[in-house]
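Have a look at the structure below, then the notes.
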Amino acid sequence: MTSALEVESHDTATNRTAAARTDEGVDQIFSFRELARLDEALTMSSRETGLRFTLYVGDLGTPTRSRAEELHAHSGGNTAEAVLIAVSPGQRVAEVVTGSAAARRLPDRACALAVLSMTTAFAGGDLVGGIINGLRQLADQAGRPTTRH
């Protein structure tokens, strides 16, 4: 399971632009269109891989890893085949937690690369794009489910 990677905030807001998204309440972070894009990316990742991808965006407290693992454990369904992406913009932390079956298809290295990709996009101010790219990377790495005859 991947540990958190932290990234420095690069708040590029000026008096002519909006405040950084991490300054807003979580309920105000995403527009309807962004939520639809995230929902589509989660659905497609789950459909393509047979794994259940879930997303949490909000404060993870301390230690972040323990809270992410707790969220994964209580995400419902078969947690062995579940993958949780937990993002705490205010803490500048992203965590990927995989269940036991999902971990066989998503090794720590693949999860770490997806987190690095996400945090790079986050640093550029693209929270939604970073999450979607991370989901795509994880889905590509996991591949299609194997069918046994």
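Using full-length UniProt numbering, the letters of the sequence shown correspond one by one to residues 1 to 149.
Cβ atoms here follow ideal geometry from the backbone N, Cα and C, with glycine treated the same way.
Unbroken alpha helix (DSSP H) run spanning residue i, endpoints
i: residue 70; result: 64–73
i: residue 100; result: 100–105
i: residue 88; result: Segment 82–88 is the beta strand (DSSP E) holding residue 88; no alpha helix (DSSP H) there.
i: residue 127; result: 127–142
Spatially closest choice to residue i from the options, by CA coordinates
i: residue 121; options: 111, 134, 112 and 109; result: 134
i: residue 35; options: 59, 102 and 132; result: 132
i: residue 86; options: 40, 123, 33 and 60; result: 60
Environment of residue i [buried if 16+ CB atoms lie within 10 Å]
i: residue 89; result: buried
i: residue 105; result: buried
i: residue 17; result: Confidence is the limiting factor: at residue 17 the pLDDT is only 33, short of 50, which leaves the residue's position unreliable, though a coordinate-based value still follows. Residue 17 should be labelled exposed.
i: residue 95; result: buried
i: residue 31; result: exposed
i: residue 43; result: exposed
i: residue 52; result: buried
Inter-residue CB distance, residue i and residue j (contact presumed, cutoff 8 Å)
i: residue 54; j: residue 84; result: 5 Å
i: residue 137; j: residue 117; result: 6 Å
Residue span of the beta strand (DSSP E) that contains residue i, given as start and end
i: residue 54; result: 52–57
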